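Participant:
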Amino acid sequence: KPEASAASGCPIRSKPAESSEGCPVPNASGMLRKYRNADVYNVYSQKIDPANQMPAQANQQRAPGQAKQLSTERVSSSIPKGGTDGTWTYPSPQMFYNAIVRKGKKGSTSEDDMETVVAIHNNMNERTWDQVMAWEKMHMEADAEEKGTSPKLLRFLGRPDELSLLARLKIFFGHPAPFDRHDWVVDRGGKEVRYIIDYYHDVSKADDDQMPALRSHDAVKSIVLDVRPALDSPEAFIDRYLRMPLEILQSRTTYSPAPFFASQAMVEADRREKDELAKAEEQRRAIAEASQGNRLPAPISQSCGPLMKLVQDCRGEEQCTERLVGFQLCVARIVAPDAAKLFEDAYKRDDAEAMQANYEMMSARTSQWLHEYRTKEG
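Mapping of the sequence shown onto the numbering used here: residues -2 to 375, in sequence order.
1. Measuring only the C-alpha atoms, how far is S74 from T372?
2. Just the Cα atoms here: how many angstroms apart are V22 and N34?
3. Could you tell me the alpha carbon to alpha carbon distance between H118 and M130, rounded to whole angstroms?
4. Which residues in the same chain as D229 place their Cβ atom closer than 7 angstroms to its Cβ, once the five residues preceding and following it in sequence are excluded?
5. From A227 to K100, what distance separates their C-alpha atoms?
6. Counting pairs of Cβ atoms below 8 angstroms between the stretch 112 to 127 and the stretch 84 to 98, do you hit three or more?
7. Look up C20 in the DSSP assignment and say whether it is helix, strand or coil.
8. Using CA atoms only, rank isn't needed, just tell me which of H368, T250, A275 is closest to M135.
9. Under the three-state reduction of DSSP, which class applies to S73: helix, strand or coil?
10. Taking G155 as the reference, give the member of P173, W181, K144, K167 with the closest Cα.
11. Comparing C-alpha positions only, which one of S201, A203, H214, Y252 sits nearest to D223?
12. Starting from L243 and walking both ways along the beta strand (DSSP E), at which residues does that stretch end?
13. Can you tell me whether P226 is helix, strand or coil according to DSSP?
14. How far does the beta strand (DSSP E) with D184 in it reach, from first residue to last?
15. Can you name, in chain order, every residue of its own chain whose Cβ lies under 7 angstroms from the Cβ of C327, other than the five neighbours on each side?
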């Protein structure tokens, strides 16, 4: 039989050594060396030293201007981390809040929103990994866990401004655009496999969303995942257009393909949302123009001036819409008090349909008044 040498280590066919100086193997068979990727990456897809993966103290300090205390507790994911025996760890609400403030993406998000934002973020990643694993199981060996070759997430990259080819095709046929895109690189026992994930928001299902548990699959119905291996190899092409369709046909997979065509309800809800945002932006500009040179009459400038300044300085669709509604309500209380009262009454009753109808009336009345005032003043 082959002999062991210092250079070759412990041949597979040799008898396991009884001495501690022999060939220790941590797996059940006593015959296999467990695979581990030599590289470890951080959340920015940067290669790091496994002995010093991150600063001893992650940034859990309050962000500038933060008014409320946020949780610093971090949750472990179920997603195996490449190059390690552990899993990826999600950021705490405080870390998440610090990140969006640092990147200038806070918008109208407040400290009160962070528990929900983080819960949805974590749940979305868990659902993504489940879909990735549905593809990976077509390649897993029976003893993958024993060998250490079971799939692990090695690194990932957010690419929200780069539409995938599939997303472009969907948009061409009338599907709303995705709100985000990720590329995930999976370590398949030493082979790197890239996955493309497009995230879509189905506004028509948003009212059915609930606060998700980490592993919940149906709490957030409005977020649709389109997960598939990138066509970087002939094997990926076969997986997408032969193996997985057969698996689905024979009901042997948990993979849930995203529909290519959007439902009529999704398209209409997306169109309404875009129309509302366009109107809000048009009204914001009208307010900004009317406010130049203190052109608004004294009662409105005095009562609504601070709100008008907030509208002028807003950033992001959500924040601008929120501030615009506040300004319009303030103006309506002066120039159209009946419309303002109807809107406020509907708000107190939590009557969404009446709120929408009365807001449109209040918005039209205030916009008309601003237009007439500007025309009169020349």
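Even for Gly, the Cβ is constructed at its ideal location relative to N, Cα and C. Quick caveat: nothing in here was measured; it's all calculated off a predicted structure.
Facilitator: Judging by the given coordinates:
1. Working through the sequence shown from its first residue, we reach residue 74 at position 77. Working through the sequence shown from its first residue, we reach residue 372 at position 375. When rounded, the distance between both Cα atoms is 59 angstroms.
2. As a first step, residue 22 must be located in the sequence shown, where it is residue number 25. As a first step, residue 34 must be located in the sequence shown, where it is residue number 37. The predicted model places V22 with a pLDDT of 38, which falls under 50 and marks its position as unreliable, so this point remains unresolved.
3. As a first step, residue 118 is located in the sequence shown; it is residue number 121 there, counting from the start. As a first step, residue 130 is located in the sequence shown; it is residue number 133 there, counting from the start. When rounded, the distance between both Cα atoms is 19 angstroms.
4. Residue mapping note: residue 229 aligns to position 232 of the sequence shown, counting from 1. Hits under 7 angstroms: R191.
5. Start at 1 with the first residue of the sequence shown, and residue 227 comes out as number 230. Start at 1 with the first residue of the sequence shown, and residue 100 comes out as number 103. If you take the alpha carbons of A227 and K100, they lie about 28 angstroms apart.
6. yes
7. Counting from one through the sequence shown, the residue named residue 20 turns up at place 23. Low confidence applies here, because C20 scores a pLDDT of 36, under 50, leaving its location unreliable and the question unanswered by this model.
8. Start at 1 with the first residue of the sequence shown, and residue 135 comes out as number 138. Closest option to M135, judged by alpha-carbon separation, among H368, T250, A275: T250.
9. Within the sequence shown, residue 73 is the residue found at index 76, counting from 1. Reduced to three states, the DSSP call for S73 is strand.
10. On the sequence shown, position 158 is the one that residue 155 refers to. Ranking P173, W181, K144, K167 by Cα distance to G155 puts W181 first.
11. Along the sequence shown, read from residue 1 onward, the residue named residue 223 stands at position 226. Minimum Cα distance to D223 is reached at Y252.
12. Here residue 243 refers to the residue found at position 246 when the sequence shown is read from its first residue. No beta strand (DSSP E) contains L243, which is instead part of the alpha helix (DSSP H) from 241 to 246.
13. One-based indexing of the sequence shown puts residue 226 at position 229. P226 falls in the strand class under three-state DSSP.
14. What you label residue 184 is simply residue 187 of the sequence shown in a count that begins at 1. Its beta strand (DSSP E) spans residues 177 to 185.
15. One-based indexing of the sequence shown puts residue 327 at position 330. Around C327, the same chain offers S300, C301, L304 as residues with beta carbons nearer than 7 angstroms, after the five sequence neighbours per side are excluded.
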